[in-house]
Amino acid sequence: MATKKPPGGDAGNKRRGRPSIETITEPQRRVLAAIRTHISRRGFPPTGQELGELLGIAPASAHEQVNQLVRKGYLRRDAGKARSLEVLKEPEAEVSDLVPVRVVGRVAAGQPILAVENIVGELLVEGSVVGRARCFALKVTGDSMIRAGILDGDYVVVRQQQVADSGDIVVALLGDEATVKRLHFSDERVELRPENPRLRPIPVGPEDDLRIAGKVVAVRRAAVPHARRHLDG
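When you line the sequence shown up against this note's numbering, it's residues 81 to 313, in that order.
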């Protein structure tokens with residue numbers, strides 16, 4: 081006659097159901113990688129406010145992700161200190177590196193877009209987005225690209241290139257002004273088209289000094305770049 085097993089089964093059997101508490105989500109991987117990169121570059125961990133700024137998320141969201149990582153044993157912190165985060169271990173899977181991308185604040189006619197005078201800080205972006213290309217970031221002002229998901233105050237990550245295809249969202253230089261628009265070719269006509277029905281396309285003629293600075297490859301929501309003095313010190 082079969083022997084009845086006690087509730088819960090054999091002691092040696094693995095429990096099934098929810099995954100281990102040590103499993104972390106992709107957003108938590110990004111938070112962990114950002115903390116590790118900040119410590120590596122600057123010698124100390126970020127505050128919750130700085131962490132949110134680096135990742136383009138609300139400080140409260142960053143704080144919650146840190147809480148989860150502490151609970152799961154990936155981080156340690158001293159509740160009484162602002163800069164007490166310590167990475168205890170890495171997740172089993174490789175975490176994508178975050179790459180610093182320079183943020184351009186001002187572009188003058190005839191001046192290279194990444195001239196020292198233009199650079200106001202940096203943004204951390206996934207290496208898979210940037211690849212090996214030379215990239216920069218630009219803060220968007222206005223609502224001309226809202227239907228493309230680019231809002232006022234967002235940062236666009238731009239791959240530097242001097243040519244682009246019709247339909248690409250680009251950073252174009254017209255005289256001394258940089259603008260983010262969708263490039264459109266039609267026969268011999270060239271337009272820079274907004275993604276807002278209230279606004280009209282900008283026609284570009286042979287006499288206009290149009291230069292393509294690069295193609296938009298990613299958007300980061302209202303992240304605040306670190307000031308240059310922070311980067312240097």
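For each residue, glycine too, the CB sits at the ideal point set by N, CA and C. Computed from a prediction, not measured in an experiment: that's the story for all the values here.
K295 to I119, Cα distance in whole Å?
-> Position 215 of the sequence shown, counted from the start, is the residue given in the question as residue 295. Position 39 of the sequence shown, counted from the start, is the residue given in the question as residue 119. Roughly 31 Å separates the two Cα atoms.
Do the CB positions of V297 and V220 come within less than 9 Å of each other?
-> On the sequence shown, residue 297 is found 217 positions in, with the first residue counted as 1. On the sequence shown, residue 220 is found 140 positions in, with the first residue counted as 1. Contact flag unset, no.
Pairwise C-alpha distance: P281 and A162 = In the sequence shown, counting from the first residue as 1, residue 162 sits at position 82. In the sequence shown, counting from the first residue as 1, residue 281 sits at position 201. Looking at the two C-alpha atoms, the distance is approximately 48 Å.
Is there at least one Cβ from chain C nearer than 9 Å to V184's Cβ?
-> No chain C is present in this structure, which holds just one protein chain.
Spatial neighbours of V175 within its chain, please: CB distance less than 6 Å, with the 5 preceding and 5 following residues excluded, ordered by chain position.
-> For the purposes of this step, residue 175 is taken as the residue at position 95 of the sequence shown. Per-residue confidence for V175 stands at a pLDDT of 47, beneath the threshold of 50, marking its modelled position as unreliable; the derived number appears in the next sentence. The residues are R109, A113.
Classify L272 as helix, strand or coil using the three-state DSSP reduction.
-> What you label residue 272 is simply residue 192 of the sequence shown in a count that begins at 1. Strand at L272.
Specify the secondary structure class of G294 as computed by DSSP and reduced to three states.
-> Counted from its first residue, the sequence shown places residue 294 at position 214. G294: strand per DSSP, three-state reduction.
Simplified DSSP state of L328, which is helix, strand or coil | It is not possible to answer for residue 328, since the shown part of the chain is limited to 81 through 313.
Can you list, in chain order, the stretches of the alpha helix (DSSP H) that have 4 or more residues and sit fully within the segment 199-278?
-> 207-210
Would you kindly work out how many angstroms separate the C-alpha atoms of A293 and E130, rounded to a whole number?
-> For the purposes of this step, residue 293 is taken as the residue at position 213 of the sequence shown. For the purposes of this step, residue 130 is taken as the residue at position 50 of the sequence shown. Going from the Cα of A293 to the Cα of E130 covers about 29 Å.
Are the segment 177-187 and the segment 202-222 in contact at 8 Å, needing three or more beta carbon pairs?
-> Yes, the segment 177-187 touches the segment 202-222.
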